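The structure under discussion appears below in the form of structure tokens.
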Amino acid sequence: MSSRMRIQPFVLRRRLSSQHVPPRNWKLAGHVPPTSLLSNNVNDDAPLDLSEDEPPPPPKKRPVAAPTPEEWRRHREKIKEAFPDGWNPARKLSRDAIDGLRSLHAFDKDTFSCAVLADKFKISPEGVRRILRSKWEPSREKRAHLAERERRSKEDWIASRRQEEKDKAAQILFETRQVDAPRPRSRSTRVKSKDNFFFK
């Protein structure tokens, strides 16, 4: 590029400033301008009262979504008081039930809350919270081992229930036989009919 075609920056700014810029149309013809605060004052020397009748409301504080460390500490102390020997619930869910509980809560958290799930699955709300908080997933081999263990425990429980029912039925049968057993006859009834004249 030749030196004649080159334009210095200050020359370019001078040329742009010398050009006429048309005024911008803000389209405010149909709008009424706001009234001035100073137009109603008769005495211009009087101080302007900008105070409001009521104080502005305090800004709303957003509730803290995450629990604070103090709430965690109180919760841990409460759990330790309720379970001094550690967490060992009386009723435990199977792996399929745990997966179903998690899927229901993930589907609709408002409908299937902790209280509703605890009532439906017959466990404590603390157990539901622990299940939902835990992210542990067993591997394929571990899942098969857990399924086999659950099957054996279920068979043992069924066998023990059947044995209890058999023992209870045998006890009831023994008691009914004792009630229905004939009483020993008295001496007079044991006397034969041909010997009646002798005792008379």
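Going by the working numbering, the sequence shown opens with residue 2, and the numbers climb by one from there. Where a beta carbon is used, it is the ideal one built from N, C-alpha and C, also for glycine. This one's a predicted model, so the numbers in the text were calculated from it and none came from an experiment.
Check your understanding: Contact between the segment 138-158 and the segment 118-129: three or more CB pairs below 8 Å?
Key -> no
Review point. So which of L174, D100 and A83 has the shortest CA-CA distance to R134?
Key: Numbered from 1 along the sequence shown, position 133 holds the residue referred to as residue 134. Comparing C-alpha distances from R134 to each of L174, D100 and A83 shows the shortest one belongs to D100.
Review point. Given that a residue counts as buried once 16 or more other Cβ atoms are within 10 Å of its Cβ, and exposed if not, what is L174?
Key: Against the sequence shown, residue 174 aligns to sequence position 173. Residue burial is scored here from C-beta neighbours: L174 has fewer than 16 other C-beta atoms within 10 angstroms and is therefore classed as exposed.
Check your understanding: Which residues in the same chain as L102 place their Cβ atom closer than 8 Å to its Cβ, once the five residues preceding and following it in sequence are excluded?
Key -> Translated into the one-based positions of the sequence shown, residue 102 becomes position 101. The residues are L94, L118, F122, V129, I132 and L133.
Practice item. Could you check what DSSP says for K143 in three-state terms: helix, strand or coil? Key: Taking the sequence shown and counting its residues from 1, one reaches residue 143 at position 142. Reduced to three states, the DSSP call for K143 is helix.
Check your understanding: Do you know offhand how far P35's Cα is from P57's?
Key -> Within the sequence shown, the letter at position 34 stands for residue 35. Within the sequence shown, the letter at position 56 stands for residue 57. About 23 Å.
**Study point:** Enclosing alpha helix (DSSP H) for D86 [first to last residue]
**Key:** In the sequence shown, counting from the first residue as 1, residue 86 sits at position 85. Neither: D86 is in no alpha helix (DSSP H) and is coded neither H nor E.
Exercise for review: Grab the span of the alpha helix (DSSP H) containing L102 for me, first residue to last.
Suggested key: Along the sequence shown, read from residue 1 onward, the residue named residue 102 stands at position 101. R96 to F108 is the span of the alpha helix (DSSP H), which, as asked, contains L102.
Practice item. Confirm, please, whether the CB-CB distance from R96 to R144 is below 8 Å. Key: Here residue 144 is taken as the residue at index 143 of the sequence shown, counted from 1. Here residue 96 is taken as the residue at index 95 of the sequence shown, counted from 1. Cβ distance < 8 Å, so R144 and R96 count as in contact.
Review point. By Cβ distance, which residues of its chain are closer than 7 Å to E72, with the 5 residues on each side in sequence left out?
Key: Here residue 72 corresponds to residue number 71 of the sequence shown, with the count starting at 1. There are no such residues.
Practice item. Could you give the DSSP three-state label for F113: helix, strand or coil? Key: Locating residue 113 in the sequence shown gives position 112, where the first residue counts as 1. Coil, per DSSP.
Point to revise | Cβ-based neighbour list, K167, same chain, cut-off 7 Å, excluding 5 preceding and 5 following | key: The residue you call residue 167 lines up with position 166 of the sequence shown. The beta carbon of K167 sits closer than 7 Å to none of the beta carbons in its chain outside the five residues before and after it.
Practice item. Just the C-alpha distance for W137 and R92, rounded to the nearest angstrom, thanks. Key: Residue 137 sits at position 136 when you count from the first residue of the sequence shown. Residue 92 sits at position 91 when you count from the first residue of the sequence shown. Taking the straight line from one Cα to the other gives about 20 Å.
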